[in-house]
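In my numbering, the protein residues as written are 660 to 971.
Put into structure tokens, the structure is as follows:
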């Protein structure tokens, strides 16, 4: 994480080449594991077709909690929107990137997970976080699995790089809007929001050192789910309150698609409150802290507007 953060302080050319290399490597690795799973792995006789009783599983609390990990695996699907200022013809290319990227990753993830289930005993995968390593050992044996495990860790660098790239751009945009956070907008000689990148890196290191992997996933994804729910709910609000706003892109399938998303998010959050109360509580505390900072910035902005008037 620290090394990737430092690399992202360099020029855009270096950052782009670094990110592309690890992204292509990760895609190749996922495809290799999937192909090996079906070609070399021993079939576990699992059926991928719906069976009787599956609906009961889908509506269970355990399934809702499992969606937290699934949703986290897809987090970052909307990262292209964070870099609209650096994209040519964003009104065309950003929606296209979101659609193509999401579809490609979905197909890729379904393929590799199907290979895991096909080649690895289901009991070996239950309750485990390192399913990729377990599946690789089942497919290639202990030594081959260990080598593949190292490659999987290597492939995760692209995921880290994506968030190191995207997150600080959001922080920099906030810095442009609020004078009290203007320091987040500061860039280095390469035009990179260096302060925002370093602050994000420090926060991530602190989180990694303070909690387990499972706790972090539940904490972070709870925050992401709440944020996504608020954003999608805002679509309904703005359609009613601000019908005059120019909308280069409108939500496809409105109001059905955003309603389904909102209901699904609420369903996941309800079970997270019941089953992962502590992690959810920390997420709410983080949101409260953010709301407090936001309120303070609004107050500073209003005061800055009134002070010149009062001085006259």
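C-beta: ideal position from N, C-alpha, C; glycine also.
Q. How is the alpha helix (DSSP H) around residue 822 delimited, first residue to last?
A. Here the alpha helix (DSSP H) through residue 822 covers 816-836.
Q. Can you list, in chain order, the residues of its chain whose CB lies under 6 Å from that of residue 709, leaving out five sequence neighbours each side?
A. Excluding sequence neighbours, residue 709 sits near nothing in its chain.
Q: Could you spell out the range, first to last residue, of the alpha helix (DSSP H) harbouring residue 893?
A: 872-900
Q.
Tell me the residue span of the alpha helix (DSSP H) that contains residue 913.
A. Unbroken run through residue 913: none, as it is neither H nor E.
Q. Is the beta carbon of residue 681 sitting closer than 7 Å to the one on residue 820?
A. yes
Q. Touch check for the stretch 900-918 and the stretch 860-873: three-plus C-beta pairs under 8 Å?
A. These segments do not touch.
Q: Could you tell me the distance, in whole angstroms, from the CA atom of residue 722 to the CA atom of residue 831?
A: 37 Å
**Q.** For residue 892 and residue 850, the rounded distance between their alpha carbons
**A.** 35 Å
Q.
What does the Cβ neighbour count give for residue 775, buried or exposed, with the cut at 16 atoms within 10 Å?
A. buried
Q. Is the stretch 924-944 close to the stretch 874-893, with three or more CB pairs under 8 Å?
A. yes
**Q.** Classification of residue 901 by the beta-carbon crowding that lies within 10 angstroms, buried from 16 upward
**A.** exposed
Q: Could you tell me how far apart the beta carbons of residue 665 and residue 814 are, in whole angstroms, since I believe they sit closer than 8 Å?
A: Not a contact, Cβ separation roughly 20 Å.
Q. Could you check where the alpha helix (DSSP H) with residue 666 kicks off and where it finishes?
A. 661-666
Q | Exposure label - residue 816; buried when at least 16 CB within 10 Å | A | Note on residue 816: 16 or more other CB atoms within 10 angstroms of its CB, so buried under the neighbour-count rule.
Q) Where does residue 905 sit, in a helix, a strand or coil, going by DSSP? A) coil
**Q.** Straight-line gap, residue 951 to residue 841 (C-alpha atoms, nearest Å)
**A.** 17 Å
Q.
If I follow the unbroken alpha helix (DSSP H) through residue 750, where does it start and stop?
A. 749-778
Q.
Can you tell me where the alpha helix (DSSP H) holding residue 714 begins and where it ends?
A. 713-717
Q: Just the C-alpha distance for residue 898 and residue 781, rounded to the nearest angstrom, thanks.
A: 46 Å
Q) Candidates 730, 717, 699, 733: which alpha carbon is nearest residue 777's? A) 699
Q | Same chain only: Cβ atoms within 7 Å of residue 959, ignoring 5 sequence neighbours per side | A | 838, 839
Q) What is the C-beta distance between residue 758 and residue 739, in whole angstroms, given that I count them as a contact (C-beta under 8 Å)? A) With a Cβ gap of about 10 Å, residue 758 and residue 739 do not count as contacting.
Q: Leaving out five residues on either side along the sequence, give the residues of the same chain with a beta carbon under 7 Å from the beta carbon of residue 669.
A: 849
Q) What is the rounded straight-line gap between the Cα of residue 877 and the Cα of residue 844? A) If you draw a straight line from the Cα of residue 877 to the Cα of residue 844, it comes to about 30 Å.
Q: Would you kindly check if the distance between the Cβ of residue 791 and the Cβ of residue 811 is under 7 Å?
A: yes
Q) Going straight from the alpha carbon of residue 864 to that of residue 720, what length do you get? A) 31 Å
Q.
Less than 6 Å between C-beta atoms, sequence neighbours within five positions excluded: which residues of the same chain meet that for residue 677?
A. Taking C-beta separations shorter than 6 Å and ignoring five residues to either side along the sequence, the partners of residue 677 in its chain run 666, following chain order.
Q) CB-CB under 6 Å to residue 942, same chain, minus the five flanking residues each way: which ones, in chain order? A) 878, 881, 882
Q. Do the CB positions of residue 692 and residue 771 come within less than 7 Å of each other?
A. yes
(Q) Using a 10 Å radius around the Cβ and a threshold of 16 neighbouring Cβ atoms, would you call residue 662 buried or exposed? (A) exposed
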